[in-house]
Amino acid sequence: MSYKLLSEPIRKYIRSQGWEALRPIQAASISKILSTDHNYILASRTASGKTEAAFLPILSKTNFNEKGVQVLYISPLIALINDQVRRVEDLCKNLEIDVTKWHGEANRTLKKNLIKNPNGIVLITPESIEAMFVNAPYNITNLFGNLKFVIIDEIHSFLGVDRGLQLMSLLFRIQRKANKKFRIIGLSATIGDENYIHAKKLTGDVENTKVLLDRTKKPTIAKFKFYESESKELPLELLKDLYIETKENKALVFPNSRARTEEVAVKLHKISDRINGHKNYFSHHSSVDKEIRESVEFFAKNNQRDNFCISATSTLELGIDIGTVDKIIQIDSTYSVASLVQRIGRSGRKEGEKSVVCIYATEKWSLLQSLACWNLYKKDFLEPINTAIKPYDLLLHQLLSIVKQYSGIQTKDLIHELSENPVFEHISTEDIETLLHYSIEEDFLERIRTELILGLAGEKIVNSRDFYSVFSTDPDFKVIHSGRKVGQIPFSPQIQVNENLLLAAKIWKIKDIDHKAGIIEVIPAKDGKAPSFFGGTGGIHEEVRKEMLRILKSKDDYKELNQECKNILNELRFEFKNFDIRNFEADRPLITKEHQIILYTFSGTKINRSVSFLLAVSGYDVILNDNNSSIEIRTDSFAKAISDIKKNYEALDSHLEEKLIENDTLLSFSKWGIYLPMNYKIEIVKERYFDFKTAIAFINNMKIIKY
DNA sequence: GACCTGCTGCGGGCTG
Numbered sequence: 087m088s089y090k091l092l093s094e095p096i097r098k099y100i101r102s103q104g105w106e107a108l109r110p111i112q113a114a115s116i117s118k119i120l121s122t123d124h125n126y127i128l129a130s131r132t133a134s135g136k137t138e139a140a141f142l143p144i145l146s147k148t149n150f151n152e153k154g155v156q157v158l159y160i161s162p163l164i165a166l167i168n169d170q171v172r173r174v175e176d177l178c179k180n181l182e183i184d185v186t187k188w189h190g191e192a193n194r195t196l197k198k199n200l201i202k203n204p205n206g207i208v209l210i211t212p213e214s215i216e217a218m219f220v221n222a223p224y225n226i227t228n229l230f231g232n233l234k235f236v237i238i239d240e241i242h243s244f245l246g247v248d249r250g251l252q253l254m255s256l257l258f259r260i261q262r263k264a265n266k267k268f269r270i271i272g273l274s275a276t277i278g279d280e281n282y283i284h285a286k287k288l289t290g291d292v293e294n295t296k297v298l299l300d301r302t303k304k305p306t307i308a309k310f311k312f313y314e315s316e317s318k319e320l321p322l323e324l325l326k327d328l329y330i331e332t333k334e335n336k337a338l339v340f341p342n343s344r345a346r347t348e349e350v351a352v353k354l355h356k357i358s359d360r361i362n363g364h365k366n367y368f369s370h371h372s373s374v375d376k377e378i379r380e381s382v383e384f385f386a387k388n389n390q391r392d393n394f395c396i397s398a399t400s401t402l403e404l405g406i407d408i409g410t411v412d413k414i415i416q417i418d419s420t421y422s423v424a425s426l427v428q429r430i431g432r433s434g435r436k437e438g439e440k441s442v443v444c445i446y447a448t449e450k451w452s453l454l455q456s457l458a459c460w461n462l463y464k465k466d467f468l469e470p471i472n473t474a475i476k477p478y479d480l481l482l483h484q485l486l487s488i489v490k491q492y493s494g495i496q497t498k499d500l501i502h503e504l505s506e507n508p509v510f511e512h513i514s515t516e517d518i519e520t521l522l523h524y525s526i527e528e529d530f531l532e533r534i535r536t537e538l539i540l541g542l543a544g545e546k547i548v549n550s551r552d553f554y555s556v557f558s559t560d561p562d563f564k565v566i567h568s569g570r571k572v573g574q575i576p577f578s579p580q581i582q583v584n585e586n587l588l589l590a591a592k593i594w595k596i597k598d599i600d601h602k603a604g605i606i607e608v609i610p611a612k613d614g615k616a617p618s619f620f621g622g623t624g625g626i627h628e629e630v631r632k633e634m635l636r637i638l639k640s641k642d643d644y645k646e647l648n649q650e651c652k653n654i655l656n657e658l659r660f661e662f663k664n665f666d667i668r669n670f671e672a673d674r675p676l677i678t679k680e681h682q683i684i685l686y687t688f689s690g691t692k693i694n695r696s697v698s699f700l701l702a703v704s705g706y707d708v709i710l711n712d713n714n715s716s717i718e719i720r721t722d723s724f725a726k727a728i729s730d731i732k733k734n735y736e737a738l739d740s741h742l743e744e745k746l747i748e749n750d751t752l753l754s755f756s757k758w759g760i761y762l763p764m765n766y767k768i769e770i771v772k773e774r775y776f777d778f779k780t781a782i783a784f785i786n787n788m789k790i791i792k793y
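See the structure below:
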């Protein structure tokens, strides 16, 4: 049915592919996109043909003889653009439609050609759009003035994060400059029912955006194993078992950190060498050189026969095409259910195959958390997304970007443009004016009669290469072996001459460190320990913690657990046996010792963080262990501690101000927040780093259970 | 107890 709606060249393409039938999401999107004017969110699992579901009807409907770029495809990753460009070119092969990559590593001559003759399809990143607004705003109208469709790939990766707000703002600004509406199609595999509203908001037109959903799920087989880890390194018994699990498979291993990713790749390779197994052990994460990573992806995608094992961080979580994988290994719990979904989705991609996952735990609480994530996975739970309501940091960033775009703008026009932008719909005009005045005081902006231009301090910020993105990264040291780059790592005190490090699945000895140039020279070595990398703070959602408590207090038996796991779970259950917990929302165990109490909150990271902060500013010695969600407080009276928390919550803003004056660590989540006036700094820290409202509600609602 | 993401314009030197 849908097939008949397509234009003849597209039908010809479909026939030439030898497809038996259109996939459900494709059939649905073809008829809807062709017969309505709505925006759509296409949600269906990995490898279900979403790219074609978007492009087939769009190519069929669009007249590419018109001047200007007709279709803009936006991706969160360069690697994904490089993957998708081949598929899109293949689709366009007989249609005489130009396809152009536009990102920081794309060919400049081809970009120039596009500017001379704007047409066809462009694949781009949000940062490249930002850069175009700042450096060549005339190209926005020149290229995108006649745009018909925007496709946003992996749209879930933009939801609830600053980068998504930036993209939302940029889409509005293109729309405004083009003075013409284009349709938006978002693609995603992992998006919960509660979260569609956030995807709709991103389009700027909630009313007019519909969701097309294919809920079909692959059956998943899971098994759990337990090997207690006594040091930082993985137990040998675990590695031996892991070797047996993976040796005759195409396997992906997710060990959660870059250091462990290297440890797994090197040690499995060693075991395999000893008994003449295959040699295809790789590591894949942000510190491994890009070319090496690409060759690993190429190997996985293009070899049918050989088995392999790639040890990876979340770099292999998104849609980069690595072909079919038989088995997923997760070492210790993922930090979210969403992440578990993405990882499991990478196995059994062929029709009719099952997904297979093997989860190892090295610590009892990690086992409990893994099991909680798995239970929630089976229930189709995904963490709800929080979109910032008042993103003052992005407001400042976009304010500077817009002033540069117009190279001088009337104050009232600037206020108008900002207050019309749906990203800032909850920020008042008074707030925008306050920020404008502050920006003039700080010399970010300069007033010339009624017009605003960039001030000296503003020029310095906007004219930096670092301006285009809303996230920050640490400077890296290049790791070089005889002139060839192996990767790049953040500097840490353990990095010393003659020390060893693991990188790109190989062991290296450090021969020389050039601190000024940021270069580490290495030679191959026989033995070594993993480099340690620095990291920030993450967050576990309260639903995962509640599920952990529920498992702990239930008598449920899980067939996915091996005997060792069952024993460990029983040990944990025994520890909490005497706490009479009936209401999983409110009842929380409390252990009282001499001058010290331990509260198990079984709540989310942000709530734990907020409670601990209020205790600390009340003068208590507090240790937050977010690993088992416990808060240790030095005190004899918990009741007194609770009343102090409530008392100090009333003076929260001044406590936060005090900490923010000390240093900016509380603000490290926001790249542009450091330039804000104090009251807005406090606002964004309260909204995004903590969650005091929920924390206080939690405290008020909590019923302490002792034994 | 983390992990990940992206990037201009200009000029100089080199290659074909």
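If you use this note's numbering, the first sequence corresponds to residues 87 to 793, in order.
Built from N, CA and C at the ideal position, the CB exists for glycine as well.
Rounded to the nearest whole angstrom, the CA to CA distance from Q455 to S419 is 6 Å.
For D517, the secondary structure class from DSSP, reduced to helix, strand or coil, is helix. In this structure, the beta-carbon distance from L233 to V155 falls below 8 Å.
In this model, E545 and F530 are separated by some 7 Å (Cα to Cα).
Closest in C-alpha terms to P763, from the list E680, A590, F662, H523, comes H523. For the 8 Å CB-CB criterion, P162 and S255 do not form a contact.
Here T473 really is in contact with K287; their C-beta atoms are around 7 Å apart, less than 8 Å. About 7 Å separates the beta carbons of L481 and L504, which is inside the 8 Å limit, making them a contact pair. DSSP places W594 within a strand segment (E or B) once states are collapsed to three.
Nearest neighbour of R262 by Cα position, chosen from N507, D552, F563, P477, turns out to be N507. In terms of Cβ geometry, A264 and F230 form a close pair [threshold 8 Å].
Excluding five sequence positions before and after E769, the CB atoms of its chain that fall closer than 8 Å to its own CB belong to K476, Y478, given in chain order. In the structure shown, P610 adopts extended strand secondary structure according to DSSP, grouped into three states. Under the 8 Å Cβ criterion, the region 694-706 does not count as touching the region 657-665, having fewer than three qualifying pairs.
The DSSP-derived three-state label of S369 is strand. For A275, the closest of L298, Y421, L253, N294 by C-alpha to C-alpha distance is L298. With contacts defined by Cβ atoms closer than 8 Å, Q491 and F268 do not form a contacting pair. Across the structure, Y99 and P204 are spaced so that their CA atoms are roughly 25 Å apart.
Beyond the five residues adjoining it in sequence on each side, I237 comes within less than 6 Å, by CB distance, of A140, Y159, I271 in the same chain, given in chain order.
A residue is called buried once 16 or more other Cβ atoms fall within 10 Å of its Cβ, and R774 is buried on that count. By the criterion of a C-beta distance shorter than 7 Å, R97 is surrounded in its chain by Y89, once the five residues flanking it on both sides are discounted.
Looking at the DSSP output, E537 shares a beta bridge with Q496, I534.
It is roughly 44 Å from the alpha-carbon of R249 to the alpha-carbon of D359. Assignment of beta strand (DSSP E) within the region 456-508, counting only whole runs of 3 or more residues, yields no such run. In the three-state scheme derived from DSSP, where H, G and I count as helix and E and B as strand, D707 is classed as coil. Where E718 is concerned, the enclosing beta strand (DSSP E) starts and stops at 716-720. DSSP lists V208 as the bridge partner or partners of T186.
Per DSSP, the continuous beta strand (DSSP E) segment holding F340 begins and ends at 336-340.
Residue state for L658 is assigned as helix, using DSSP reduced to three classes.
Inter-segment contact for the region 126-141 and the region 179-190 is absent: fewer than three beta-carbon pairs are separated by less than 8 Å. Taking C-alpha positions only, N461 is separated from E633 by approximately 8 Å.
The alpha-carbon separation between I207 and T401 amounts to approximately 27 Å. Judged by pairs of C-beta atoms under 8 Å, the region 302-321 touches the region 633-648, as three or more such pairs exist.
Per DSSP, V352 has no beta bridge partner at all. Secondary structure note for I100: its alpha helix (DSSP H) is the uninterrupted segment 94-103.
Rounded to whole angstroms, the Cβ separation of K564 and G604 is 6 Å, and the two are in contact under 8 Å.
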